[in-house]
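Chemist: Quick note: the sequence shown uses numbering that gives the first Met the number 0, first residue 0, plus one each step.
Glycine included, every Cβ here is placed at the ideal spot set by N, Cα and C.
Every value quoted in this text rests on a predicted model; they were computed, and no experiment measured them.
Sharing a structure, written as C-alpha cells. Questions coming.
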Amino acid sequence: MKQRSSSVGSWLGSALGLAPLAGAVASAAWMLAFGAQNSGVAAVTMVLVAVVLLQGAYSALQSVLWFRYRPFVAPPNPKWPRISVVIPAFNEGPMVERSIRSVARSDYPAELLEIIVVDDGSRDDTFFHMRHLRCEHPELVRLLRFSGNRGKRAALEAGFEAAIGDIVVTIDSDSEVEPDTLREIATPFLVDPKIGAVAGRVAVLNRDSLISRMLEVQYALAFDFGRAAQSVYRAVAVCPGALSAFRREVILPHLPEWSSQTFLGKPVNHGEDQALTNIVLRLGYDTVYQRSAVINTLAPTTYGQLSKMFVRWDRSYIVEGLSFAKFMLTRYRDRHRVLPVIGFVIGNLRLAMLFFGLATLPMMMSADLSRVLHASAALLVGAAFSACYYLRLEKSPRFLYGVVYAAYSFLLLQWILPWALLTVRDERWGTR
C-alpha cells in the first residue's frame, strides 16, 4: 500500500510539472473561442492567441526539459572546495545579523569557509550588528566597511577581491540560508569543471502579507520551473543575487569590466547578478540551477516595495538582455546555443506585446465590457493551471495565491515594463 501511495505521489508530482503548459493551452483555447464569437476584435484576438500558442509551445519545451532536470549529487568522499561567502549590506539593521548567523551555522567544513560582510556605507546600526557577529565568530567573519554608499556592485567587487576561496557565494543580507545550502551549491562545481556559476533556489522567508504570499507562488514558477528547464541545457539566464556561486578564477579577471559597465553613457548599478551570469556564459562556461540549495529571503510586503523591485528587475532585464544579445549568435560555447536564443526571443515577446497593446488600446477601450472581461478570464484560467505547479514544491493550498497574483498583476502591475523602458537609464536602486 505504501509503495502504491509513493507511485501515486510520484505520478501526481510529474503531472503538476505540466501545470504551466496546461495554463498556456487553456488560455489559448478560451481566447480562440472568444475570437470566433466576436468578429469585431477577431484580429486582435488572433494575435493574442498566436502569442499564447507560441508561449504554449515554449512551455511544452520547458516541461520536457523540466522532466529531465535533476539536482546535482556530490560524489563519494567529496573534496569540498574552499568557499568565500560575500554578503553586501546597506541599511539592513538587525536582519544582517540573522543572515550572517545562518551562514555561520552551516554544516560546511569550517576550515574551508569564510564570511565576508561588506557594509556599503549604511546610515543605521547595520555595522553594529556586523561587529556583533564578528565577535561571535572571529574565525569565520571578516568585515569591510565603506565610508559612503557606493552601490551593490562596488560592495560585491570588494568582496570578490578580498575572497580567498575557490568558490565565491553571493547572498543578500535580508536572507537566510538553510544548514545544507553551502554544500548543495558547491556540489555542481565538484561534478563538472565546465560549470562556472550555480543558481540557488529562492524562497520567501516572510509569508505574513498578501503580497509576500503571492510572491511565494510566483517565485516557484519564475525561479524554480524556469531555471530547472534552463539548467538542462546549461544556460541559466540569471544566477540571482539572493543566492549564487561563482568560480572565483572565472570572475576575477573580468571584475573591472563588470564594475565599470555603462549603458547609454551612464554607469549601470543594478542587474549585477545577470551581468555576472552573462560574463560566465560569454566565456563559454555553463550556468546551472541547484534546487536543493535554498535561501529564504524577505519579500516585499507593500505595493510600493513590490513595484520598485519589479521596475528595477525590468530595467536590468532590458539592459542585460541587450548584453546577452551581443554574443548569443556567436560561437561562445560548444553546444546548446539554440535553446538560449529561443528562450531570449520568447521572453522578449513581453516587449512586443507591450507595443501591440498600446497600438490596440483605443480598440480595446471601445470594446464591450464583456469582451474585456472574457479576455481577462482567459488569463486567470491560465494562471489557475500554472499556479498548480506550486503544489509540487509545497503541498499547500497557498497555490491559490498564484491566481490572486495573476489578477493583481493584470490590474496593478501592467505599467511596470513600459515605465522601466522609459526610465531604463535611471540607476537608482529604489529602496531604502
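Taking all protein chains shown into account, decide if P187 is buried (16 or more other Cβ within 10 angstroms of its Cβ) or exposed.
Modeler: With 16 or more Cβ atoms within 10 Å of its Cβ, P187 is classed as buried.
Chemist: Hey, quick one: how far does the alpha helix (DSSP H) through A274 stretch, first residue to last?
Modeler: Unbroken alpha helix (DSSP H) run through A274: E271 to R281.
Chemist: Could you tell me which whole beta strand (DSSP E) segments of length 3 or greater appear in the region 169 to 199?
Modeler: Qualifying beta strand (DSSP E) stretches, in chain order: 174 to 176.
Chemist: Quick check on G8: does DSSP put it in helix, strand or coil?
Modeler: The predicted position of G8 is uncertain, since its pLDDT is 49 and thus under 50; a value taken from the coordinates is nonetheless stated next. Reduced to three states, the DSSP call for G8 is helix.
Chemist: Exposed or buried, E256, counting other C-beta atoms within 10 Å across all chains shown (16 or more means buried)?
Modeler: When all chains shown are included, E256 counts as exposed.
Chemist: Within 10 angstroms of the Cβ of Y388, are there 16 or more other Cβ atoms? Answer buried if so, exposed if not.
Modeler: The residue in question, Y388, is buried, as its Cβ has 16 or more Cβ neighbours within 10 Å.
Chemist: Using the three-state DSSP reduction, which class does Q289 fall into: helix, strand or coil?
Modeler: Reduced to three states, the DSSP call for Q289 is strand.
Chemist: For the alpha helix (DSSP H) containing P87, list its first residue and its last residue.
Modeler: It is not in any alpha helix (DSSP H) - P87 instead sits in the beta strand (DSSP E) that spans I82 to A88.
Chemist: Identify, in the order they occur along the chain, each residue of the same chain with its Cβ nearer than 6 Å to the Cβ of S322, setting aside the five sequence neighbours on each side.
Modeler: If we look at S322 and ignore the five residues flanking it on each side, its Cβ neighbours are N277.
Chemist: Please confirm if the region 268 to 277 is in contact with the region 213 to 228, defined as three or more CB-CB distances below 8 Å between the two stretches.
Modeler: Short answer: they don't touch.
Chemist: What residues are listed by DSSP as bridge partners for S243?
Modeler: Answer is T169 and A198, bridged to S243.
Chemist: R349 to V340, Cα distance in whole Å?
Modeler: Between R349 and V340, the C-alpha separation is close to 15 Å.
Chemist: Using three-state DSSP, classify L209 as helix, strand or coil.
Modeler: Reduced to three states, the DSSP call for L209 is helix.
Chemist: Exposed or buried, which one is L305 when buried takes at least 16 other CB atoms within 10 Å?
Modeler: The residue in question, L305, is buried, as its Cβ has 16 or more Cβ neighbours within 10 Å.
Chemist: For R144, which beta-bridge partners are listed by DSSP?
Modeler: Per DSSP, D118.
Chemist: For my contact list, V231 and L64 are in at a C-beta cut-off of 8 Å; report their separation, rounded to the angstrom.
Modeler: The pair is a contact, with the Cβ atoms about 4 Å apart (cut-off 8 Å).
Chemist: Cα separation between K265 and A241?
Modeler: If I take the Cα positions, the gap works out to 25 Å.
Chemist: When DSSP labels each residue in this structure, what does I294 get in the three-state scheme?
Modeler: Reduced to three states, the DSSP call for I294 is strand.
Chemist: Just tell me which of F354, K325, I317 and R336 has its CA closest to the CA of D425.
Modeler: Checking every option, the nearest Cα to that of D425 belongs to I317.
Chemist: Near N148, which residues of its chain fall below 7 Å by C-beta distance, leaving aside the five closest residues on each side in sequence?
Modeler: For N148, where only same-chain residues beyond five positions count, the Cβ hits under 7 Å are F89, D119 and G120.
Chemist: Helix, strand or coil for K78, going by three-state DSSP, please let me know.
Modeler: K78: coil per DSSP, three-state reduction.
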